[in-house]
Amino acid sequence: MPNLWYSFVYSATEALNRLMLDVPEQTVFALIRTYGGIFGVAYLLYWIGVVTYRLTLHPLAHIPGPFLCRIGSLQQCYFEAILNGRFLERFPEYHRKYGPVVRISPNEVHLNDSSMYHEIYKNNSMFTKDATSYALGVSEAMAFTVSVDKHRQKRKTLDPNFSKSRVALMEDGLYKELELVFDRITEYEQRGEPVPGDIISRYLFGKSLGLVSSSNFVERAEQMRSFTKGIWIAIHFQFIRNTLLVLPRWILAYLSDTFVKVLWFTEGLAQQAIQDFNMQEALAKSPIDETIFDRLLIDSARRQASGKDLRPLHFRELADEIAGILNAGTEPTATMLSYATYFWLKFPHVQSRVLEELASVQHVKDRLPLQQLENLPYFTGFVKESLRYMPLVPGRLPRTVPLGEGLYVPSTKQTIPPGSVVGMSHLAIHFDPDIFEQPDEFRPERWIGEQGKALNRWLLSFSKGRTDCIGKTLAYAEMHLILANLVTRFELELTPNGHKDMVWLDRVIVHSGQSLRVMVKSKRG
Ligand code: HEM
468 MPNLWYSFVY SATEALNRLM LDVPEQTVFA LIRTYGGIFG VAYLLYWIGV
518 VTYRLTLHPL AHIPGPFLCR IGSLQQCYFE AILNGRFLER FPEYHRKYGP
568 VVRISPNEVH LNDSSMYHEI YKNNSMFTKD ATSYALGVSE AMAFTVSVDK
618 HRQKRKTLDP NFSKSRVALM EDGLYKELEL VFDRITEYEQ RGEPVPGDII
668 SRYLFGKSLG LVSSSNFVER AEQMRSFTKG IWIAIHFQFI RNTLLVLPRW
718 ILAYLSDTFV KVLWFTEGLA QQAIQDFNMQ EALAKSPIDE TIFDRLLIDS
768 ARRQASGKDL RPLHFRELAD EIAGILNAGT EPTATMLSYA TYFWLKFPHV
818 QSRVLEELAS VQHVKDRLPL QQLENLPYFT GFVKESLRYM PLVPGRLPRT
868 VPLGEGLYVP STKQTIPPGS VVGMSHLAIH FDPDIFEQPD EFRPERWIGE
918 QGKALNRWLL SFSKGRTDCI GKTLAYAEMH LILANLVTRF ELELTPNGHK
968 DMVWLDRVIV HSGQSLRVMV KSKRG
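Take a look at the structure:
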């Protein structure tokens, strides 16, 4: 290091000398050495001060944790951004060593105390999404909105699009798309090739949402799936993300064609929607024809008319919302479906009981009706057990403790002060033996009856409370319809590498190492 410093100073001196030939060499060298030295010492003192503060006077100084986590974010950054999502797997060891409350970075705490979950993620929660973790470039989308009031308003506007009755109306459309998917699966069967798992997401999600009127919505939804590849880098190196976002689009397109295509796509849709919007026509639409654009623009016009808003909805807000829905509504369901299909094959003991139940369903127009499927206890148990066994967000959803008294943790008698960030791993709760008896076993029957109903409180795959998944009813419907039709129409078999391919990676949301591939054989002959 001293050699490096010396050669830097020497080269700088040489450069300056060439510019300022009349200044004696020794003087310039001495100046650089002096000011460089002062700067270096000041920088060192600054960091000694910061580290001392974090270990002594910082509001979280009393919370135990690994030394490197208490003094800086390097440890977290290394395991999350550099090793791409390997921080979560360290938590069990941290909690064994330091107890249920562990400081995982200077301002963040991880809790391993299931009783605290519903304190943080509840309906009237004032805990907000951690601004740093949720600043991913689509800040106007509801899913990334930090302010409680702003989030509530957006959620109130969008909730009707995802209601139970609205989802029921989608059944016919879902079935039409499903038939196309099964035609494609049959083509794979005829060629004797394994079916790639993503075929379902490519053909079904997005279109089945019926929420955004665009022919190439599905294609873009596919491109969106690659977004989470760099998510840890985006979270930890915000300057990289911010720089990318302000770069001229042609440079950005050179760096990431996919990213720019999605941006252009959502912005184009939003601009067009604003241009075409006609209040009377939008109000006259039936619920099934109404898009998210209609809902947002109607709400904006009403708020303006009542004086609650001064300006109309900006296209940026519309574009971000669509990008958020595009992301949240496609990849999660596709991933969950891959894992549920994998669990079907990995735990064959569930198959006969599920098939028996499905055989009892009365077909209507040659279809298995959604409502009947959702009332099958063991089959619904299979869907829920799949969601428990592989929670889509296995890690924590970081929340900022609101102003007030802080978050008191009775089990350790510690208080996490306002302004700190807290989070709880879903995976840890889904495998907590105090909640789920023999959690390592895949047991759909645990969800049946009164006991099963009580467990619903602990199925956290869609999160809970004010910011839970707005699309959960739709996701349940999609999972029931697709799985029921898949297992009644086809015999499935895992390809030789199947187990290895499904080893999961934490990219904030779960990813399998490879796409699930299964061999299929039609049961209908
Ligand atoms: C099996 C499928 C799904 C799972 C497991 C899932 C899971 C989740 C989770 C855990 C959250 C909370 C994220 C957070 O707080 O950061 C969330 C939020 C969200 N999800 Fe889903 N999701 C699924 C499907 C869907 C679908 C189909 C849609 C819409 C079409 C959707 C739209 C959203 C939106 C918009 C949010 C943000 C909600 C808010 O901030 O109020 N999700 N989802």
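Numbering (my numbering), first residue to last: 468 to 992. Ideal Cβ positions, reconstructed from N, Cα and C, are used throughout, including at glycine. Since we're looking at a predicted model, the values are computed, not measured.
Per-residue DSSP class, three states only, for residue i
i      : result
Glu841 : helix
Ser767 : helix
Leu972 : strand
Ser979 : strand
Asn834 : Strictly speaking, residue 834 in this sequence is Arg, with Asn absent from that position. If DSSP states are grouped into helix, strand and coil, Arg834 belongs with the strands.
His816 : helix
Gly890 : strand
Val821 : helix
Thr758 : coil
His781 : coil
Leu578 : strand
Val605 : coil
Lys674 : Residue confidence for Lys674 is low, a pLDDT of 45 falling below 50, so the modelled location carries little weight; the figure read from the coordinates is stated next. DSSP places Lys674 in coil when its eight states are reduced to three.
Lys696 : helix
Lys643 : helix
Thr867 : strand
Val662 : strand
Lys728 : helix
Thr612 : coil
Lys596 : strand
Arg651 : helix
Ala528 : coil
Val517 : helix
Gly796 : helix
Asn964 : coil
Ile902 : coil
Met803 : helix
Residue range of the unbroken alpha helix (DSSP H) whose run includes residue i
i      : result
Asp994 : Here the chain comprises residues numbered 468 to 992, so residue 994 is not present and cannot be evaluated.
Gln705 : Gln705 to Val713
Leu535 : Phe534 to Ile538
Phe558 : Phe558 to Tyr565
Ile587 : Tyr584 to Ile587
Met746 : Met746 to Ala751
Ala921 : Gly916 to Leu922
Host beta strand (DSSP E) of residue i (start-end)
i      : result
Phe957 : Phe957 to Leu961
Val876 : Leu874 to Val876
Val634 : It is not in any beta strand (DSSP E) - Val634 instead sits in the alpha helix (DSSP H) that spans Lys631 to Leu636.
Met986 : Arg984 to Ser989
Ile549 : From DSSP, Ile549 is part of no beta strand (DSSP E); its letter is neither H nor E.
Gln881 : Gln881 to Ile883
Arg570 : Val568 to Ser572
Same chain, Cβ closer than 7 Å to residue i, five either side skipped, listed in chain order
i      : result
Pro885 : Val868, Pro869, Leu870, Gly871 and Gly873
Gln981 : Asp968
Ala790 : Val605, Ala608, Val729 and Thr733
Leu678 : Because Leu678 sits at a pLDDT of 44, beneath the cut-off of 50, its placement in the model cannot be relied upon, and the following sentence gives the value as read from the coordinates. Excluding sequence neighbours, Leu678 sits near Asn628, Thr758, Ile759 and Ile792.
Ser681 : Here Ser681 scores only 49 on pLDDT, less than 50, and its place in the model is too uncertain to base an answer on.
Ala807 : Val850, Ser853, Met946 and Leu950
Glu912 : Tyr845 and Gly848
Gly552 : Trp699, Leu972, Asp973 and Arg974
Arg716 : Val727
8 Å Cβ shell around residue i - same chain, five flanking residues per side excluded
i      : result
Phe898 : Pro906 and Asp907
Leu894 : Leu555, Pro858, Pro861 and Gly862
Ile976 : Thr695, Glu798, Pro799, Thr802, Leu859 and Val860
Ala749 : Glu757, Asp761, Leu764 and Ile765
Arg770 : Asp776
Phe611 : Lys596, Tyr601, Ala602, Leu603, Val605, Asp787 and Gly791
Test: residue i CB closer than 9 Å to a CB of chain B
i      : result
Glu872 : Of the protein chains in this structure there is only one, and it is not chain B.
Chain-order list of residues whose beta-carbon lies under 6 Å from that of residue i (same chain, five-residue window excluded)
i      : result
Met891 : Leu578, Tyr584 and Arg863
Ile700 : Ala548
Val900 : The identity of residue 900 in the sequence shown is Pro, whereas the question assumes Val. The answer, listed in chain order, is Pro906.
Val817 : Phe849 and Pro911
- request: Count the C-beta pairs between the stretch 561 to 576 and the stretch 530 to 539 that are closer than 8 Å, then say yes if the count reaches three, no if not.
  value: yes
- prompt: With a cut-off of 8 Å, do at least 3 Cβ pairs link the stretch 874 to 883 to the stretch 830 to 847?
  reply: no
query: With a cut-off of 8 Å, do at least 3 Cβ pairs link the stretch 587 to 596 to the stretch 611 to 624?
result: yes
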